[in-house]
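Student:
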Amino acid sequence: MLVEQWKRTQGPVLLHHAIVHKFVQNADLRTKLLETGNALLAHTYERDNIFATGCDKDKMMEWAKNNNGQIIKIPTKIDTGTLVYIPLVGEGKNILGCINMKVI
């Protein structure tokens with residue numbers, strides 16, 4: 073219960089800070105992230121529908137196939153006030169994937 077509350081309050085802001093600094097400090101990882109281009113980055117984990125897609129890889133691939141060509145709009149700033157505007161990717165918010173796509 074406490075973890076779920078943290079995920080919806082402080083989690084996104086702290087996670088954004090950590091991910092940005094991970095890529096600032098590691099040129100190799102930054103290069104790999106840039107190589108993903110406009111690809112949809114998804115963290116597939118069926119037990120987390122906030123930071124991950126809420127589904128496994130197979131379900132996520134099926135979702136991607138069914139939504140191919142669709143535009144996914146992600147808020148410019150990801151924080152507690154904008155979580156409601158993050159669309160479902162698979163069966164979850166995929167905040168980890170969203171933040172990684174925003175780092176670029």
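Take the position in the sequence shown, starting the count at 1, then add 72; the result is the number in the numbering used here.
We treat Cβ as the ideally placed atom computed from N, Cα and C, and that holds for glycine.
Since the model is a prediction, treat every value here as computed from it, not as a measurement.
(1) CB-CB under 6 Å to residue 173, same chain, minus the five flanking residues each way: which ones, in chain order?
(2) Rounded to a whole number of angstroms, what is the C-alpha to C-alpha distance between residue 156 and residue 116?
(3) What is the DSSP secondary structure of residue 164, counted as helix, strand or coil?
(4) So what does DSSP say about residue 158, is it helix, strand or coil?
(5) May I ask you to report which of helix, strand or coil DSSP gives residue 90?
(6) Nearest-angstrom Cα distance between residue 144 and residue 94?
(7) Starting from residue 112, trace the alpha helix (DSSP H) both ways and give me its first and last residue.
Tutor: Reading it off the structure:
(1) 113
(2) 20 Å
(3) strand
(4) coil
(5) helix
(6) 25 Å
(7) From DSSP, residue 112 is part of no alpha helix (DSSP H); its letter is neither H nor E.
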